[in-house]
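Residue numbers (my numbering): 737 to 939.
See below for the structure under consideration.
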C-alpha cells in the first residue's frame, strides 16, 4: 500500500503502511524467529545437562557396584562362612539403596532401621547358636534393641548421613533429567501454538 492506514495498528505504530494481514504475518514471523533462536539455546543447555546427568549416573552406579563387591570380599575374608550364610542382610540393604537412587519412594530411615534390626537378630542368633529361637522371640529381641543399643549411636548417625548423601545424590541426578523433560514438553507446546497461529494466518 502507498498510503497509511488508520485503526489497524498492531505492530508498526501510528500511520502504518502495512495492511492488517501484513502486520499479523510480521508478528507471526517474528515469533517464529525468536522461538527458533530460543529453542536452539534451550536445546543446547538441556542436552548438556542430560549428558552430564548420564555420565554422573554411570559413575555413581559403578561406584555402588564396586562398593558392594569390596564390602562382600572384605566381610567374606573376615567372617567367612558366618557372613556367607547371612550375606543377604547386606545385599538387601544395597538393593534398597539402589532402588531409592533409581526410583525414589523409599523411606531410607525405615530401610536402615530394618537393616540394623535384622543384623542384630542375626548376630544374636550366631552368638547364641546353641539355642533355637522362634520368630516371636527374635521379634522381642529387636524391640529390646532400642533400649540396649548394641551398636551405640551408630545406627542413628549412619542413617542420617546416608539419607543426606543419597537425597543429594538423587537430586543431583534427577534434576537435569527433569529439566530436559520439561524442555521437551515446552517445545511441543510452542510447536502446537505456532501451528495454530499459522492456521490463523492462512484463513
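Each residue gets a CB set at the ideal place from its N, CA and C atoms; glycine is no exception.
Since this is a predicted model, take the numbers as computed values, not measurements.
| said: Please report the straight-line C-alpha distance between residue 772 and residue 783, rounded to a whole angstrom. | reply: Near 16 Å, if we compare the C-alpha coordinates of residue 783 and residue 772.
- Task: Decide if the stretch 836-847 is in contact with the stretch 802-814; the criterion is three or more beta carbon pairs, one per stretch, under 8 Å apart.
- Result: Result no; under three Cβ-Cβ pairs closer than 8 Å.
Would you call the stretch 895-903 and the stretch 853-862 touching, i.e. three or more CB-CB distances under 8 Å?
In this structure the stretch 895-903 does not lie against the stretch 853-862, because fewer than three pairs of beta carbons, one per stretch, are closer than 8 Å.
* To do: Please determine, among 825, 796 and 793, the residue with the shortest C-alpha to C-alpha distance to residue 808.
  => Looking at the Cα atoms, 825 is the closest of the given residues.
Hey, out of 902, 915 and 911, whose CA is closest to residue 834's CA? Among 902, 915 and 911, the Cα nearest to that of residue 834 belongs to 902.
### Task
Assuming residue 796 contacts residue 887 (C-beta within less than 8 Å), just tell me the rounded distance between them.
Not confirmed; about 27 Å, so no contact.
Are the beta-carbon atoms of residue 785 and residue 876 separated by less than 7 Å?
No, the pair does not count as a contact, with Cβ atoms beyond the cut-off.
### Contact check, residue 847 vs residue 831, beta carbons under 7 Å
Cβ distance not < 7 Å, so residue 847 and residue 831 don't count as in contact.
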